[in-house]
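Q: Numbers given in the working numbering equal positions in the sequence shown, counted from 1, plus 646. Ideal Cβ placement from N, Cα and C applies to all residues, glycine included.
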Amino acid sequence: MNTFNQIIRTALFALLTIFGMLMAVVFMVSTAIAIGILYIVARISGRPFGVKNYWQQRRRPTVSPMTKGPSYSKNDVTDIEMREIR
Numbered sequence: 647m648n649t650f651n652q653i654i655r656t657a658l659f660a661l662l663t664i665f666g667m668l669m670a671v672v673f674m675v676s677t678a679i680a681i682g683i684l685y686i687v688a689r690i691s692g693r694p695f696g697v698k699n700y701w702q703q704r705r706r707p708t709v710s711p712m713t714k715g716p717s718y719s720k721n722d723v724t725d726i727e728m729r730e731i732r
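1. Could you give the first and the last residue of the continuous alpha helix (DSSP H) run that contains Met647?
2. My guess is that Phe673 and Tyr685 are in contact by the Cβ rule of under 8 angstroms, so how many angstroms apart are they, rounded?
3. Determine the contact status of Arg705 and Asn699, defining contact as a CB-CB distance below 9 angstroms.
4. Can you give me the C-alpha to C-alpha distance between Phe665 and Phe659, rounded to a whole angstrom?
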């Protein structure tokens, strides 16, 4: 009986391992497709495509059409005030 349980556990572990590997392959393929799409869009628009340029562009504050100034995200908060609520 103990041997049978070990075989079942090993088979389930192997199945879970294979499933995890398939999920990793799907993630890598979808990432490669996304990068390919970003490269094609950059080439069509005439901009150079590079990871450094892409992240610099994404980190720049965007200009809000309503205020004509930069709009900041929640990560830009530098000062907070805390009050104790009883």
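A: Inspection of the coordinates gives the following:
1. To locate residue 647, count along the sequence shown from 1; it is residue 1. Counting along the chain, Met647 falls outside any alpha helix (DSSP H), and DSSP gives it neither H nor E.
2. On the sequence shown, position 27 is the one that residue 673 refers to. On the sequence shown, position 39 is the one that residue 685 refers to. The pair is not a contact, with the Cβ atoms about 19 angstroms apart (cut-off 8 angstroms).
3. Stepping through the sequence shown from its first residue, residue 705 is reached at position 59. Stepping through the sequence shown from its first residue, residue 699 is reached at position 53. The answer is no: Cβ separation not under 9 angstroms.
4. Position 19 of the sequence shown, counting from 1, holds the residue named residue 665. Position 13 of the sequence shown, counting from 1, holds the residue named residue 659. So the alpha carbons of these two residues sit roughly 10 angstroms apart.
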